[in-house]
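Asker: Here it is: the structure, laid out below.
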Amino acid sequence: MKFGENIHLVEEVMDFIHNSKIFNNKNVNTTDIQVINDFDEAQNFAWSQNLSEVDTVWEDVKSLETESIIEKVYHLGLALQQEELYEYFGGYENYANHFLPFDYIGIHEEVEGDLTMCALNRLVNGKTDNFYERIFDIYKQGGWPCGWKDTYPDGEMIVFVPSTSHK
Numbered sequence: 001m002k003f004g005e006n007i008h009l010v011e012e013v014m015d016f017i018h019n020s021k022i023f024n025n026k027n028v029n030t031t032d033i034q035v036i037n038d039f040d041e042a043q044n045f046a047w048s049q050n051l052s053e054v055d056t057v058w059e060d061v062k063s064l065e066t067e068s069i070i071e072k073v074y075h076l077g078l079a080l081q082q083e084e085l086y087e088y089f090g091g092y093e094n095y096a097n098h099f100l101p102f103d104y105i106g107i108h109e110e111v112e113g114d115l116t117m118c119a120l121n122r123l124v125n126g127k128t129d130n131f132y133e134r135i136f137d138i139y140k141q142g143g144w145p146c147g148w149k150d151t152y153p154d155g156e157m158i159v160f161v162p163s164t165s166h167k
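If you're matching positions, the sequence shown starts at 1 in the UniProt record's numbering and goes up one per residue.
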């Protein structure tokens, strides 16, 4: 695959799914986040559309951030690379064995989508301090970014980290 000058950055995300396991590391140490340990609560933050339950709809935040990346993909003529990344991250054979513990299989599509966008972000932006670079950093540290506290972009990301070991 040809990913231009940012190939090593894109490949880091690809290597992560191929060689790592989610929730294997429990050292989430990032500023401006709120860590939670309740998986049901995390899923509620991730999927709730009800503003009486959440401050900000998480899918809206991700859609907003995704839009600017996709615009750049097309502006830079990288649609073929985008398709290659969608295929790579959509192929279960590219994930490490037990990449996602069985107890959390219900979030596989969320994780797959997030990490695909992390790779696309690196393809078009390199390694810059932005939303999807923060998302990738949280995954590497053993968390699942699942919501936003307060009104985006003010506030902090909500991150799920299991309280027990799932190796």
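Every residue gets a Cβ at the ideal spot worked out from N, C-alpha and C, and that includes glycine. Everything numeric in this text was worked out from a predicted model, so none of it was measured.
Taking the beta carbon of N97 as the centre, do at least 16 other beta carbons fall within 10 Å, making it buried, or is it exposed?
Answerer: If you number the sequence shown from 1, residue 97 lands on position 97. It counts as exposed.
Asker: For N125, tell me which candidate among L78, E53, S63 has the shortest Cα-Cα distance.
Answerer: Taking the first residue of the sequence shown as 1, we reach residue 125 at position 125. Nearest C-alpha to N125: L78.
Asker: Would you decide whether K167 is buried or exposed? Buried here means 16 or more other CB atoms lie within 10 Å of its CB.
Answerer: In the sequence shown, counting from the first residue as 1, residue 167 sits at position 167. Note that K167 scores 43 on pLDDT, short of 50, meaning its location in the model is unreliable; the coordinates nonetheless yield the value given after this. With fewer than 16 Cβ atoms within 10 Å of its Cβ, K167 is classed as exposed.
Asker: Looking only at its chain, what residues have a beta carbon closer than 6 Å to the beta carbon of S165, apart from the 5 residues adjacent to it on each side?
Answerer: Taking the sequence shown and counting its residues from 1, one reaches residue 165 at position 165. Reliability fails at S165, whose pLDDT of 48 lies under 50, so the model's placement of it is uncertain and no value is given.
Asker: Determine which residues share a DSSP beta bridge with F160 and list them.
Answerer: Within the sequence shown, the letter at position 160 stands for residue 160. Answer by DSSP bridge pairing, in chain order: I36, W144.
Asker: Going by DSSP, what residue range makes up the alpha helix (DSSP H) through A119?
Answerer: Looking up residue 119 in the sequence shown gives position 119. Note, A119: alpha helix (DSSP H), 108-125.
Asker: If contacts are defined as beta-carbon pairs under 8 Å, then Y104 and H18 qualify, I think. What distance do you get, rounded to the angstrom?
Answerer: Position 104 of the sequence shown, counting from 1, holds the residue named residue 104. Position 18 of the sequence shown, counting from 1, holds the residue named residue 18. Actually they are not in contact, since the Cβ atoms of Y104 and H18 sit about 19 Å apart, beyond 8 Å.
Asker: Would you say the stretch 35-53 touches the stretch 124-140, given that touching needs at least three Cβ pairs under 8 Å?
Answerer: No contact exists between the stretch 35-53 and the stretch 124-140.
Asker: In chain order, what residues of the same chain lie with their CB nearer than 6 Å to the CB of P162, ignoring the 5 residues before and after it?
Answerer: Counting from one through the sequence shown, the residue named residue 162 turns up at place 162. Taken in chain order, the residues that qualify are F23.
Asker: Counting Cβ pairs, one atom from each stretch, are 3 or more of them under 8 Å apart for the stretch 145-154 and the stretch 51-65?
Answerer: Output reads yes: the stretch 51-65 touches the stretch 145-154.
Asker: How about E112 and F89: are their beta carbons less than 8 Å apart?
Answerer: As a first step, residue 112 is located in the sequence shown; it is residue number 112 there, counting from the start. As a first step, residue 89 is located in the sequence shown; it is residue number 89 there, counting from the start. In contact: E112 and F89 (Cβ atoms closer than 8 Å).
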